[in-house]
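*Asks:*
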Amino acid sequence: MGKDTTELTVVYEISKLLGSSLDINRTLKMTMKFLCMFLDLKRATIALMQDDELAIMAAHGLTRGEIELGHYKKGEGIMGQVGKSGYPIVIPNIRDEPFFLNKTGARHDIKSEDVAFLCVPIKFGREILGVLSVDRLLNSKGVSLDEDLRLLKIISALIAQAVKLHRQVQQEKQELIAQRDALRFELKGKYKIDNVVGNSPEMQAVYEAVHRVAPSKATVMLVGESGTGKELIARAIHYMGPRANEQFVKLNCASIPEGLLEAELFGHEKGAFTGAANLRKGRFELAHRGTIFLDEIAELTPTLQPKLLRVLQEREFERIGSERTIKVDVRVIAATSRNLETLLKEGKFREDLYYRLNVVPITLPPLRYRREDISALIEFFLDKFNAENAREAKLSPDALKLMLEYPWPGNVRELENTVERMVIMTPEDVVVPEHLPLNIRASMPQTTPPGDASRQPMPLMQIERSHIVDALVKTGWVYAQAARVLGITPRQICYKVKKYGIRQAQ
Ligand SMILES: Nc1ncnc2c1ncn2[C@@H]1O[C@H](COP(=O)(O)OP(=O)(O)OP(=O)(O)O)[C@@H](O)[C@H]1O
Ligand SMILES: [Mg+2]
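Residue numbering for the sequence shown follows the numbering used here, starting at 287 and increasing by one per position.
#1: Quick check on Arg-636: does DSSP put it in helix, strand or coil?
#2: With hydrogens ignored, establish whether the beta-carbon of Glu-637 is closer than 6 Å to any heavy atom of ligand 2.
#3: What separation, rounded to the nearest whole angstrom, lies between the Cα atoms of Lys-536 and Glu-582?
#4: What three-state label does DSSP hand Cys-539 in the structure shown?
#5: Expressed to the nearest angstrom, what Euclidean distance is found between the alpha-carbon atoms of Asn-703 and Phe-603?
#6: Counting by C-beta, which residues lie closer than 7 Å to a heavy atom of ligand 2, in chain order?
#7: Nearest-angstrom Cα distance between Cys-780 and Ile-332?
#8: Please classify Gln-790: is it buried, with 16 or more other beta-carbons within 10 angstroms of its beta-carbon, or exposed?
#9: Report yes if the C-beta distance between Lys-516 and Ala-621 is below 7 Å; otherwise report no.
#10: Would you mind stating whether Leu-629 and Ala-584 have Cβ atoms separated by less than 7 Å?
#11: Provide the residue span of the beta strand (DSSP E) that contains Met-526, from first to last.
#12: Based on Cα-Cα distance, which residue from Phe-552, Met-507 and Leu-580 lies nearest to Ser-541?
#13: Using the three-state DSSP reduction, which class does Thr-349 fall into: helix, strand or coil?
#14: What's the gap between the Cα of Ala-520 and the Cα of Ile-648?
#15: Which residue comes first and which comes last in the alpha helix (DSSP H) that contains Gln-336?
#16: For Arg-656, which residues from the same chain have a beta carbon less than 7 Å from its beta carbon, with the 5 sequence-adjacent residues on both sides left out?
#17: My assumption, with CB atoms under 8 Å, is that Gly-513 sits in contact with Asn-697. Please give the rounded CB distance.
#18: Starting from Ala-620, follow the beta strand (DSSP E) in both directions and report where the run begins and ends.
#19: Just curious, the beta strand (DSSP E) that Asp-659 is in, first and last residue?
#20: Mind checking which residues open and close the beta strand (DSSP E) that includes Pro-693?
#21: Taking DSSP's pairing of strands, which residues face Pro-647 in a bridge?
#22: So is the beta-carbon of Gly-513 under 6 Å away from any non-hydrogen atom of ligand 1?
#23: Where does Asp-326 fall in DSSP's three states?
#24: Just curious, the beta strand (DSSP E) that Glu-582 is in, first and last residue?
#25: Per DSSP, which one or two residues make a beta bridge with Phe-403?
#26: Looking at the unbroken beta strand (DSSP E) that takes in Thr-611, where does it start and where does it end?
#27: Based on Cα-Cα distance, which residue from Phe-570, Leu-424 and Asn-481 lies nearest to Ile-612?
#28: Please name the residue, chosen from Ala-344, Val-506 and Leu-572, that lies closest to Lys-315 on a Cα-to-Cα basis.
#29: Cβ-heavy atom distance between Glu-658 and ligand 1 below 6 Å?
#30: Just checking Ser-835 against ligand 1 - is the residue's beta carbon closer than 6 Å to any of the ligand's heavy atoms?
#31: Could you pull the start and end residues of the beta strand (DSSP E) that Phe-603 belongs to?
#32: By a C-beta neighbour count over all protein chains shown, 10 Å radius and 16 as the cutoff for buried, is Leu-325 buried or exposed?
#33: Starting from His-357, trace the beta strand (DSSP E) both ways and give me its first and last residue.
#34: According to DSSP, what are the bridge partners of Leu-340?
#35: Let me check one thing: in DSSP terms, what residues is Lys-567 bridge-paired to?
#36: Apart from the five residues just before and just after Leu-438, which ones in its own chain have a Cβ nearer than 8 Å to its Cβ?
See below:
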């Protein structure tokens, strides 16, 4: 084999070796071994830069102990110099070289052998990744240090690529691991409730409160606009607590005529009043050992308020038409979509009752304050109603966009009803904007006939402005908090408040 063919074979074999495995240490070690064999070298090492120091990563002709000694500071010895300058150094005979450190102690026979030392940088572009060095016995025949050097430069370039690639892969792996750990950390301590959808920070706060309060008997007050899930959460609190196997009794104070409400709550004896043909237990009695859910508590009339207060305080009451006191063990969950503090100020709701009910308040945020939950809710209800109706309805991208942009004043209930109607009424499997209800389509500019002002969609700016006002009102005009609710920075909210000329009503 001629010299050129040998070189070519070496380069070819080494490039194959370097690409053969993901285990970089093993590949480098094999490369060194192969190099020694093929070029008849005594030793070969690869030292890589680590924390500003060169450390031997792979070698042939050195013991493990010798390898471990191979650490060089920048500029230290020949290796350190090459690592620092990025230029190769060839020492024709190390016996004559005072800079030669023999740090690893591998060259026991340094005084008796004629050995040349060739050291080339491993560079990727301008970055010095390390150095490749070999010991060449000078008694081998036909040695040309120039040719050796040329070949080593080619090989070091191949090594540089392999090392760089490996580092990039490692770094990406590290980043992925860090991302994964961060996600795990975020998930840890995060609460979930069956059938309750939404991962926004606002909903997380709700879940956390529910988990905290469910095991206790504490009275809970759920506050939220219509359709925000008050009843759903009330049931979750009941079913996640120790009373899960007992009754969950619901009473909507707004849906029962005032005159009948007392009888509904406390029951009546036979003949207690006209029409009371039979004894009837009230909701409190039915909820014994379980939970009573008093919905729309703000609608409770001034005459009934003290009666409810007594049950809450004493856990006892009498049926209408009876003097016998009935004791009950009930957990009370109340809900309101009206602002009770306002009613307190107006004198329409008793303060003592309010404090009895408001032991643990949980606020259910409207959907427009947690828009990131909309897509998960759409998916949840699509799955639900598709399954119920044996359909496979999907939203077209346009339709989805409209759904995501719609302000959902009726909150989750409106969204749920919309998806249900859509699944049932849509003739095809793909729901396009034309299948959506008019109010949602109203924000679609291209469907507006020109000149018909009454059908103009609400301008985006106006929508944005109303979102900001909502958030500010909700957070008591604390800009930083309102910004967080909206998912923008405090700076952005200040800018927008100025831009829209928003001012707090005096
Ligand atoms: N986070 C949620 N995940 C899944 N479904 C929800 C969620 N919130 C509400 N829903 C559903 O939306 C509908 C309305 O919820 P719910 O009846 O609990 O609201 P509400 O606050 O009591 O409303 P209203 O004041 O109108 O009575 C229900 O069908 C409920 O299951
Ligand atoms: Mg309700």
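Beta carbons: idealized from backbone N, C-alpha and C, even for Gly.
*Replies:* In this structure, then:
#1: For the purposes of this step, residue 636 is taken as the residue at position 350 of the sequence shown. Arg-636: coil per DSSP, three-state reduction.
#2: By one-based count along the sequence shown, residue 637 stands at place 351. Answer for Glu-637: no, Cβ out of range of ligand 2.
#3: Looking up residue 536 in the sequence shown gives position 250. Looking up residue 582 in the sequence shown gives position 296. Approximately 11 Å, taken between the alpha carbons.
#4: Translated into positions along the sequence shown, residue 539 becomes position 253. Cys-539: coil per DSSP, three-state reduction.
#5: Translated into the one-based positions of the sequence shown, residue 703 becomes position 417. Translated into the one-based positions of the sequence shown, residue 603 becomes position 317. Distance between Asn-703 and Phe-603, taken at the CA atoms: about 40 Å.
#6: Ordered by chain, the residues meeting the criterion of a beta-carbon within less than 7 Å of a non-hydrogen atom of ligand 2 are Lys-516, Glu-517, Asp-581 and Ala-621.
#7: Position 494 of the sequence shown, counted from the first residue, corresponds to residue 780. Position 46 of the sequence shown, counted from the first residue, corresponds to residue 332. Approximately 58 Å, taken between the alpha carbons.
#8: Mapped onto the sequence shown, residue 790 falls at position 504. Residue environment for Gln-790: exposed (fewer than 16 other C-beta atoms within 10 angstroms of its C-beta).
#9: Against the sequence shown, residue 516 aligns to sequence position 230. Against the sequence shown, residue 621 aligns to sequence position 335. For Lys-516 and Ala-621, yes; Cβs fall inside 7 Å.
#10: Residue numbering aside, residue 629 sits at position 343 when the sequence shown is read from its first letter. Residue numbering aside, residue 584 sits at position 298 when the sequence shown is read from its first letter. Yes, the Cβ-Cβ distance between Leu-629 and Ala-584 is below 7 Å.
#11: The residue given as residue 526 occupies position 240 in the sequence shown. Premise fails: Met-526 is in no beta strand (DSSP E) and is neither H nor E.
#12: One-based indexing of the sequence shown puts residue 541 at position 255. Of the candidates Phe-552, Met-507 and Leu-580, the one whose C-alpha sits nearest the C-alpha of Ser-541 is Leu-580.
#13: One-based indexing of the sequence shown puts residue 349 at position 63. DSSP places Thr-349 in coil when its eight states are reduced to three.
#14: Indexing the sequence shown from 1 puts residue 520 at position 234. Indexing the sequence shown from 1 puts residue 648 at position 362. For Ala-520 and Ile-648, the distance between alpha carbons rounds to 10 Å.
#15: Here residue 336 corresponds to residue number 50 of the sequence shown, with the count starting at 1. That residue, Gln-336, is in no alpha helix (DSSP H); its beta strand (DSSP E) goes 329 to 336.
#16: Translated into positions along the sequence shown, residue 656 becomes position 370. Excluding the 5 residues flanking it on each side, Arg-656 has same chain C-beta neighbours closer than 7 Å at Gly-484, Ser-486, Glu-488 and Met-489, in chain order.
#17: To locate residue 513, count along the sequence shown from 1; it is residue 227. To locate residue 697, count along the sequence shown from 1; it is residue 411. Taking the Cβ atoms as the reference, Gly-513 lies roughly 4 Å from Asn-697, within the contact range of under 8 Å.
#18: Locating residue 620 in the sequence shown gives position 334, counting from the first residue. That run of the beta strand (DSSP E) goes 617 to 622.
#19: Here residue 659 refers to the residue found at position 373 of the sequence shown. Boundaries cannot be given for Asp-659, as no beta strand (DSSP E) includes it and DSSP labels it neither H nor E.
#20: Position 407 of the sequence shown, counting from 1, holds the residue named residue 693. Run containing Pro-693: none; DSSP gives neither H nor E here.
#21: Within the sequence shown, the letter at position 361 stands for residue 647. According to DSSP, Pro-647 shares a beta bridge with Met-507.
#22: Along the sequence shown, one-based indexing puts residue 513 at 227. Taken from the Cβ of Gly-513, at least one heavy atom of ligand 1 lies inside 6 Å.
#23: What you label residue 326 is simply residue 40 of the sequence shown in a count that begins at 1. Three-state result, Asp-326: coil.
#24: Numbered from 1 along the sequence shown, position 296 holds the residue referred to as residue 582. For Glu-582, no beta strand (DSSP E) encloses it, and the DSSP letter there is neither H nor E.
#25: As a working note, residue 403 is residue 117 in the sequence shown. Answer is Ile-377 and Asp-421.
#26: On the sequence shown, residue 611 is found 325 positions in, with the first residue counted as 1. Counting along the chain, the beta strand (DSSP E) containing Thr-611 begins and ends at 611 to 613.
#27: For this step, residue 612 is matched to residue 326 along the sequence shown. Nearest of Phe-570, Leu-424 and Asn-481 to Ile-612, Cα basis: Phe-570.
#28: Walking along the sequence shown from the start, residue 315 turns up at place 29. Distance check between Lys-315 and each of Ala-344, Val-506 and Leu-572 places Ala-344 closest, using alpha-carbon atoms only.
#29: Within the sequence shown, numbered from 1, the residue matching residue 658 stands at position 372. Not so, every heavy atom of ligand 1 lies at least 6 Å from the Cβ.
#30: An answer regarding residue 835 cannot be provided, because it is not within the stretch 287 to 792 covered by the chain.
#31: In the sequence shown, the residue the question calls residue 603 occupies position 317. Its beta strand (DSSP E) spans residues 602 to 604.
#32: As a position in the sequence shown, residue 325 is number 39, starting the count at 1. Taking all protein chains in view, the Cβ of Leu-325 is crowded by 16 or more other Cβ atoms within 10 Å, so the residue is classified as buried.
#33: In the sequence shown, counting from the first residue as 1, residue 357 sits at position 71. It spans 357 to 359 - the beta strand (DSSP E) in which His-357 sits, taken as one unbroken run.
#34: In the sequence shown, residue 340 corresponds to position 54, counting from 1. Answer by DSSP bridge pairing, in chain order: Met-335 and Tyr-358.
#35: Residue mapping note: residue 567 aligns to position 281 of the sequence shown, counting from 1. Note: Lys-567 sits in a beta bridge opposite Gly-553.
#36: For the purposes of this step, residue 438 is taken as the residue at position 152 of the sequence shown. The answer, listed in chain order, is Pro-374, Leu-404, Val-406, Leu-418 and Val-420.
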